[in-house]
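Chains as they are written, first to last, in the working numbering: chain A, -4 to 242; chain B, 8 to 442; chain C, -9 to 389; chain D, 5 to 327; chain E, 7 to 237.
Ideal Cβ positions, reconstructed from N, Cα and C, are used throughout, including at glycine.
This report refers to the structure that appears directly beneath it.
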Ligand SMILES: Nc1ncnc2c1ncn2[C@@H]1O[C@H](COP(=O)(O)OP(=O)(O)OP(=O)(O)O)[C@@H](O)[C@H]1O
Ligand SMILES: Nc1ncnc2c1ncn2[C@@H]1O[C@H](COP(=O)(O)OP(=O)(O)OP(=O)(O)O)[C@@H](O)[C@H]1O
Ligand SMILES: [Mg+2]
Ligand SMILES: [Mg+2]
């Protein structure tokens, strides 16, 4: 049974059809990359899966269980967590609080107003762990808003994985990072996604090819190929539609 | 914002324990203060004033649960305060009528429940929206309730309202609650409990998620929370505390009327919270104390108190946008680094200059006021016990000199303040890195 | 100390400040007048203004403040709501603080309840209550045969309600033939455009309108009427209120608007005219549009003079004694004629005048708000014909 | 009371006319707020104060030169004051968000009211309609309609058209809206954001003042006229939809008609049930609800409308962006 | 065209630019390379007047240091920020329209040229810009600045988040812009295209320039590359 399964998913905005019948199946535990030209609909697809948008037609399943049209938080509680292409954090909260907020629900504290948040050892430990992994521990007291762009991208990932979700969607996590940072981020992502299912959008081919177990290519709202990296690299269609001469 | 982080990270460390100890100490001191305060004042009016302050502290804090914590700007918070008050009065009257064995001190709780109830009812519709939409809905609801208060006489008692008698309830250790002193202690204790409760609330998962929702509504949805529900909870809870405040007010005045739910009441609490500083828990407390004092006393000092009131607010938002507590907190690091004293001379200079200018300004205002509205009393007036004639040229000259002189004097002193501030901050930084 | 302090608790800021200040000036003038005559028991009168900001809680806070500063006589008038609040407060306070009693003089709050079911020994009212005024008004109207269709329009709050119900009842009783063609209640101080109401009045074919409206509700109502060219007589309570004359002049309703009260300029009673002259001379340019301030509260004059008399009579400034002395006290009222403080409900009984507003003849020296127009007496109802029964069960303090 | 057909027709016609007139008066007052609140997003609680300033300036000027010069000069004066306030006050407050702005204008309202009282006193002024317009334009069913009201109507429409042109012909609207999200970027694209804000705020104040000058003589010119105006203007703007001038126009009409007809209809729940033969009050407590008439609640209907609209259609009637 | 000498800039107390010198000639493509956080973006912001600059900045021979950003823009300096700053509530068309400066005529760039360049923008002309794809955001910002018809355009990481073949197109675009003899000051992360299209290169490190020369020079200069670019 596949972890995330899309069948015949379409999405229109007004007249313009953006997603045109996507069938996609992400296997449990694999690292799955999604590539495709700008405006192909990758982020939109993420928005559909994560419940930010409702599909016009088609069904989306998580572990075989239908999640089409659920609210984002309901989907998140079913174990799917996503990051955003445009950094999306809690700017006025400290770095620490940012991650802690991501941890709280999954630890079962929900809307509690009878626990003292600072005496929740488990929460603090997990938060600290995450911060160490994205190595922002020394910046934890700073309001997230004043971090540099690269740091904010790292925090974005931290918030995404904070809840310990087993399905993780990352939308261009390394965008705007330098080589070095990108490589560090990839290492981090590899570590964090151990034993989880990862679906990642990237334009940086080096990242894609050294991270992904399988790759799907989305072009104008259709998946034109979905296969092992090697096959994708060699596929003509993909060459023309996407990689161009650069790769 | 990051105290939570500090305490958590410092966890079991000695300094952590010290900090916690200090925090509790602070509460104990506060409690002691609350109970001994009346002893310091002789005039019985002090009790009235302190009681009012206690009430508005609760109210302002409950308001800040919305504005400061959850980022919801409400123009109708008095609704929950007022309805709490009305329910309490009705309750008291029924209790008296049927002589039920329920003592007065429990009544605020009734108000709280009422506030909670209406918080849930109105919250369920209004918290669906945020930002300006929410603000405008709250404004609409406020107006609706306020107007209904004049229409639905059987419940609201028209514009003269409904009266009650607090002494007629079951007595415990024969406290009649007739004298203001006893009412003060009732309010003080409730105030203390509520402040404690609301403070605790800010350090719970819900409290933290309120901040998160305030900062980034959408992202909260993607970490598993239903932000609308978070807002709703915050709203209902703040309704609860507002209701308690309203109940206490009803007990204090023994009368409730439409003005309890009115826009004026809602506006005042917004002012109090903001002036005190919505960014800090202590802010609304300070604001409530200040604004209550101004409202009650300013009209004795000058007839044009509204002018000063207005000028104060304009000044505050322009020069202290983070409120009084914001100003104080700026100095916290210096205080910890024990370098605050370095600022004192510069501050005194600036203060002197500022006072000169302000004196000039208020002299101008008072003279203009006298000239315009007191023609019948003749030209003689007195300012700070100095009698003079507004028709003579000298006082105007003096005022002008004070204003302009004060202004330039201030301009001169300001660089010193900044300089002192920076050196102190540098010192504080070193101290910080050393520690 | 050697002053008799009186706390004047009324709006001195905000929307109604204009009215509150007129009252304050009046009382201060009266205090000076009495002091010039030596005060009472060798003590001077002093008026201390307290701003109740037109808010019930604030009213109580200010009263408390006054009491705490040693004041034991409180006077208030604007708004029956606040009068009720003070009345309740004072009653409770006196009960809880025996020996520290305070007394409440009400110079303008006209809700009948204050001297009926809500009456208290510590409350005295110098204004005729709204029922009495209606009694007088209807006594005057019943002889005016040209009145056939009456329209009632009032503010939707207790005072308006009182006016309305009294009017309905009394007209039915005294002139069954008069048809009440409309009975409108409109929200208090919320209407900016009265033309819809005027349209209805027109449609109803009324020849007279009775209204208790005051402030802008009065001015705007009249302006709208004039705009629409409505031709009716207006029987009002507060046409004389600040802004009223200005509005009537602007609306050009020459002697079509009638007002009722215990006294007006141009009543033609010597002493009153003297007083009026002096008063206006003192407060020249303090009135609307830089006009002279005219005496709007003859009742205040009665109140202060009777206070002085009562203190002298009681030989004490103890509120309890003053109250006792006031009960049943008979005096010649400001505009001439007999008046007395009825003991069983503390309602002052006095002659009442119906006046119309418009161009002046030689016999009418005084104008209002610099409009050039002034009051003309249309009728006088003797004190006896303003008496109404009371339901008050006064419980007097022991001793 | 029972009405014949003719009377009914009369009532409907007259009420419609009254409604439109009142609506236009509302729009006149709200037009400035649409610029400041609905375009710039500044919760300007001092709007009514500038309306009042307009009336008083107009009155003062009319004392020397008559009504018409006042109609021009008073708004100019108020506009300049507004612009200065933006330049030296509001601008610094702006970056601290809406609440700060709101409090600033809130305090400003206090200050303006007191200053007005110091200068002109607290009593109403005798601000007269210009003689040239002091006649009745026409008469329907023996109800006169004064020329001044017609003038008011035309003027309101004129302002509406003028504003519409300014906002559609120029990019001012766009620049302001863009500045709400990225002021610096707008600057770096070559637009002087600060100046535009200053001008727009000034213009908004000037429009408020125009309303004051025109409404002053028709209503009561007194130092409390600002307070009496109340939050109704915000209601108009929000119901119309933020960022939409036409919306404000429609909303004004809507509310004008709504209130006028509410008065005209004047039914109570009791009457309504009466038709169905129910004459006993089903809810003995709150008996008031039973006897409340539509006319009584007319003035609060706009707020009801506001709440409903915001819940079910947060963009308002014709709004472009979410409130 | 643009001469910058001894440029300093601060964020609060932290000294970010410590004496930057650079010049851009007419129709020239000049790139600034460097690691993250060395202050490349800040350099552009300082030139644009978005962060207060200290030092001398001359554009077309006139000193522009200390001018307000809109004045600088009116002098013909265009800026494409790294965080795009499109106006999310406005439509694509309106975003472009705002690029046009007041009182500007016979521009080299109008809607027509822009839409030819990126047809997708034409398709989305009436879409709210906030919902555009990352790539489309990038196209939009570049075009918006071009609409202002600048003589020198400063672009901060234009290829960030672009698909490979889109990167190609940007490179081509930049060259075609330069051919219309509009100068370009480019801040790039991706060495490849910078090397390909630049006439001259600067390498920046710790708030000042550490290398200036042609792509060839840089290719030759192993040391600089290792110390300042790679890790
Ligand atoms: N709400 C919307 N209304 C109209 N068009 C939309 C909307 N949301 C997205 N689009 C369009 O759908 C297309 C796909 O957008 P999407 O963000 O998914 O692209 P993408 O694959 O993520 O591209 P990139 O790699 O550049 O981020 C884009 O052309 C965008 O303009
Ligand atoms: N708003 C700010 N406040 C404080 N420091 C800042 C701010 N913006 C940037 N900085 C700091 O200034 C330094 C230079 O920032 P800049 O954005 O110019 O780096 P860069 O060379 O553009 O790197 P990047 O690849 O991240 O864009 C960084 O260390 C950053 O931390
Ligand atoms: Mg994308
Ligand atoms: Mg950068």
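Keeping to the same chain, check which residues put their C-beta closer than 6 angstroms to that of residue i; ignore five residues upstream and five downstream.
i	result
residue 198 of chain B	61, 64, 65
residue 292 of chain B	64
residue 22 of chain D	264
residue -6 of chain C	33, 35, 307
Between the alpha carbons of residue i and residue j, how many angstroms are there, rounded?
i	j	result
residue 253 of chain C	residue 147 of chain D	36 angstroms
residue 383 of chain B	residue 372 of chain B	18 angstroms
residue 5 of chain A	residue 13 of chain A	7 angstroms
residue 45 of chain E	residue 21 of chain E	10 angstroms
residue 175 of chain C	residue 298 of chain D	11 angstroms
residue 362 of chain B	residue 365 of chain C	52 angstroms
residue 11 of chain B	residue 92 of chain A	Low local confidence applies: a pLDDT of 40 at residue 11 of chain B is under 50, so the model's placement there is unreliable, with the coordinate-based value given in what follows. Near 8 angstroms, if we compare the C-alpha coordinates of residue 92 of chain A and residue 11 of chain B.
residue 374 of chain B	residue 232 of chain D	28 angstroms
residue 146 of chain E	residue 75 of chain E	20 angstroms
Candidates the options: which alpha carbon is nearest residue i's?
i	options	result
residue 246 of chain B	B/145, B/109, B/27	B/145
residue 59 of chain B	C/24, C/48, C/238	C/48
residue 111 of chain D	D/48, D/87, D/149, D/61	D/48
residue 345 of chain C	C/10, C/265, C/131, C/193	C/131
residue 228 of chain D	C/232, C/211, C/217	C/232
With DSSP run on the structure shown, which of helix, strand or coil describes residue i?
i	result
residue 235 of chain A	helix
residue 43 of chain C	coil
residue 243 of chain D	helix
residue 218 of chain B	helix
residue 7 of chain E	coil
residue 269 of chain C	helix
residue 364 of chain C	strand
Near residue i, which residues of its chain fall below 8 angstroms by C-beta distance, leaving aside the five closest residues on each side in sequence?
i	result
residue 187 of chain A	128, 152, 156, 163
residue 128 of chain E	121
residue 168 of chain D	249, 250
Since residue i contacts residue j with CB under 8 angstroms, what's their CB separation in whole angstroms?
i	j	result
residue 220 of chain B	residue 238 of chain B	6 angstroms
residue 284 of chain B	residue 331 of chain B	6 angstroms
residue 33 of chain C	residue 273 of chain C	So it is not a contact: roughly 26 angstroms between Cβ atoms.
residue 200 of chain C	residue 142 of chain C	5 angstroms
Please work out which residues of its chain come closer than 7 angstroms, Cβ to Cβ, to residue i, disregarding the five sequence neighbours upstream and downstream, and give them in chain order.
i	result
residue 232 of chain E	none
residue 277 of chain E	Given that chain E is displayed from residue 7 to residue 237, the structure contains no residue 277 of chain E and the question cannot be resolved.
residue 176 of chain E	164, 165, 168
Got a list of residues with beta-carbon closer than 7 angstroms to any non-hydrogen atom of ligand 5, in chain order?
-> In terms of ligand content, the structure shown lacks ligand 5 and carries ligand 1, ligand 2, ligand 3 and ligand 4 instead.
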